[in-house]
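Everything below concerns the one structure shown next.
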Amino acid sequence: MPATVNANLKLLLCLFAATPPLAAEDRISLKDGSTLRGNVRAIEGDHKIVVDSEFSSDPIELRGSALRSISFDVETGEHHNDPELLHLVNGDVLPGSLRALDDRQILFRTWYADDLTIERTHIRSVDFGVTPQKLVYVGPKPLSEWIDNDDWEWENGKLTCNTSGTIAAKNVLPRQFILRFRLEWESGPNFRIYFCDDFLKRTGNADRYYFEINSMGSQLKRQTAEGGRRWHTLAQSHRRPQEFRGHGIDVELRVDRIRRQIYVYLNGEKLQRTPDPIDSFPTGTGIMLQSQAGGDLKNIITRLEVYEWDAITELRRDEGHEDPQTDGLVDVEGMHLSGSAITLEEDEGNTRIVFESPFNNQPLKVRTTRISSLYFKHPPDPPNGKAPIHFDLRGGGTLQFSSLALKEKVLEATHPLLGKLTLDRSSLERLFVHTKEADSQEEPEP
C-alpha cells in the first residue's frame, strides 16, 4: 500500500533530508513551508500527488490541496528550436511556429502539445525570429560549487541564510544573458544579488550591478569605480513583499551588454527596460548572493538559472502596438504598419504574411524572416483567461490551467482560453499553485 503523508509530513521530511539525494530529482514545496525531493510520478487534480523517493520503498502520496509548487528536474543544454513565441491576452506565452492564418483563427505548431487552433481574439501577438536560449547553469548547486561562503546553508536543494552573509560563484555569466532566480521568505526578505561582477566583495570600488528586495520594495542599481558618484538607481518598484503571492518572487534580469540595456521582470511582468548610464559597461562573469537578514527574516533561493540570450530583436518587439482596433506589424528594421493580417502564404520554403494597410493600394506580402512581431486586434474587454495553476515550460513559455492530471508521459489539463490540452511531460519545468489566500496578499494595505 502507498505510504500516506498527512499530519506526520514534517517528521517524514526531516528524516528524508538525512538520506542521500536522488540522481535526478523534482522539488516539491507545500503550503506549510515543507519541502520534499523525489520524482513526481503523478498528479490527480486536487486529490493527490504521488512521489517516488529514496525515503520510502512505496510511493508517497501528498494531498493535492497542500501543494504550493513543483520544480521539475531540468538538464542544461539546448532546447527545442522554436522560431516563434505566441502571446495570449491573459499573459501566457507559447513557443512554436505559425502554420496558418485566416480572419478567425490561427494554426500554431508546438513540439509539446501538437498543433493548436487558436481564436485570434485570444492572441495578443506573435514574435518571429526567436533564437532558442541555451541553458548554461541550473541550480542552485551545493555549497561545494560556490566560493567565499559566509553563513549560507544548503537545505534540501535550496540556498538559505537567516543572518548577514554572502556566497559567490565565478564564470557563470555569458556576454549576453538571462539571469533567473526565485527568492522565497518566511516573514520577509532582505536580499541582494550582484551580477556582472568579478570583484565579489561587499565593499569596495567595482563595475557591477545589484538587484535588491526588502520590506520597502525592490530596485536595480549600478555601481561604478569611476567618478564621484558610486551608485546609480536604474529601476525600482515600491511593491512590497507582502503583495506577492506565496511568500516568494520570480526575478528575471536580461542583460544586453552590446546595446547597454537591462530588462527587469518580476513574476513574468516587465518592470522596466533601462539603459546603462555609464560608458564602461561591466564585463564581469560572476554573481554574489548577499543576505541581510536578521531576527525572524530568512532568505531562500529555490531556483537559479542562467541562459545565453540573443537580444537582437528585443528592442523592436518592445515597441508594441498601441491601437487595439487594428493588427500591427513591426519589421526587423523598426518599420511599423497598422491594418489587417489576412493570411499566411508559403512558397518554395518561404513564408509570408499577407497584410492589408490603408496606406497601400495592394496587400503587402512580408516574409516572416523580415518580421519582428505581429500584433492582433482585440475587443475592448478581452477574455481574462486567468487560472490558479501556472506552468513554466522548458526553454521559455508559460501556461495557466484551471485543472490538470499529470501522468507518466503527459499532462492533461484545461486551459481557460484554449480548452483541453495534452502536453508532453518533458516540457514541464515548474508548477505553481495560486491560492485565494495568496491572491489576497496582492492587495496593497491601505
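The sequence shown maps to residues 722 to 1167 in my numbering. The beta carbon of each residue, even a glycine, is placed where N, CA and C say it ideally should be.
A check of alpha carbon separations from residue 1019 across 1132, 876, 1042 identifies 876 as the nearest.
Excluding five sequence positions before and after residue 1141, the CB atoms of its chain that fall closer than 8 angstroms to its own CB belong to 1133, 1134, 1135, given in chain order. Judged by beta-carbon spacing, residue 981 lies within the 8 angstroms limit of residue 1002, meaning their Cβ atoms are closer than that value. Where residue 940 is concerned, the enclosing beta strand (DSSP E) starts and stops at 938-944.
Going by DSSP, residue 1046 is part of no beta strand (DSSP E) at all; its letter is neither H nor E. Annotation for residue 1009: the continuous beta strand (DSSP E) segment containing it runs 1007-1013. Per DSSP, reduced to three states, the secondary structure at residue 1060 is strand. With a cutoff of 8 angstroms on beta-carbon distance, residue 1089 and residue 1073 are scored as near each other. Within the model, the alpha-carbon separation for residue 898 versus residue 837 is close to 30 angstroms. Cα atoms of residue 1101 and residue 1143: separation of roughly 31 angstroms, rounded to the nearest angstrom. For secondary structure counted as the beta strand (DSSP E) over 3 or more consecutive residues, the region 1074-1128 holds these complete runs in sequence order: 1085-1088, 1092-1096, 1110-1114, 1119-1122, 1124-1127. Using a Cβ-Cβ distance cut-off of 8 angstroms, the region 909-925 and the region 1010-1029 are in contact, since at least three pairs of beta carbons, one from each stretch, lie closer than that value. For residue 776, the closest C-alpha among the options 746, 794, 805 is that of 746. The beta carbons of residue 806 and residue 851 sit closer together than 8 angstroms. For residue 932 and residue 941, the gap between their C-alpha atoms comes out near 4 angstroms. The three-state secondary structure of residue 806, taken from DSSP, is strand. Here residue 880 has 861, 873, 1022 as same chain residues with Cβ atoms under 6 angstroms from its own Cβ, once five neighbours each way along the sequence are excluded. Comparing alpha-carbon positions, the option among 1095, 892, 1068 lying closest to residue 1056 turns out to be 1095. Annotation for residue 875: the continuous beta strand (DSSP E) segment containing it runs 874-876. A direct Cα-Cα distance of roughly 42 angstroms separates residue 1031 from residue 780. DSSP places residue 790 inside the beta strand (DSSP E), whose first and last residues are 788-792.
Judged by DSSP in its simplified three-state form, residue 982 adopts strand. For residue 756, the uninterrupted beta strand (DSSP E) segment begins and ends at 756-765. Note that the C-beta distance between residue 1007 and residue 926 is not below 8 angstroms. Take residue 1084, set aside five residues on each side of it, and the residues of its chain with a beta-carbon closer than 7 angstroms to its own are 1063, 1075, 1076, 1077, in chain order. For residue 924, no beta strand (DSSP E) segment is defined, and its DSSP state is neither H nor E. Of the candidates 839, 922, 1052, 839 places its Cα closest to the Cα of residue 825. Residue 979 sits away from residue 962, with the two beta carbons spaced by 8 angstroms or more. Residue range 952-958 is occupied by the beta strand (DSSP E) that includes residue 956. The C-alpha of residue 842 lies about 20 angstroms from the C-alpha of residue 831.
The Cβ-Cβ distance between residue 938 and residue 1119 does not fall below 8 angstroms.
Residue 998 counts as exposed, since fewer than 16 other C-beta atoms from the protein chains shown sit within 10 angstroms of its C-beta. In summary, residue 786 is exposed, with fewer than 16 beta-carbon neighbours lying within 10 Å of its beta-carbon over all protein chains present. In this structure, the straight-line span from the alpha carbon of residue 902 to that of residue 1107 is close to 23 angstroms.
When the beta-carbon positions are compared, residue 944 and residue 951 come within less than 8 angstroms of each other. Per DSSP, reduced to three states, the secondary structure at residue 778 is coil, with no helix or strand assignment.
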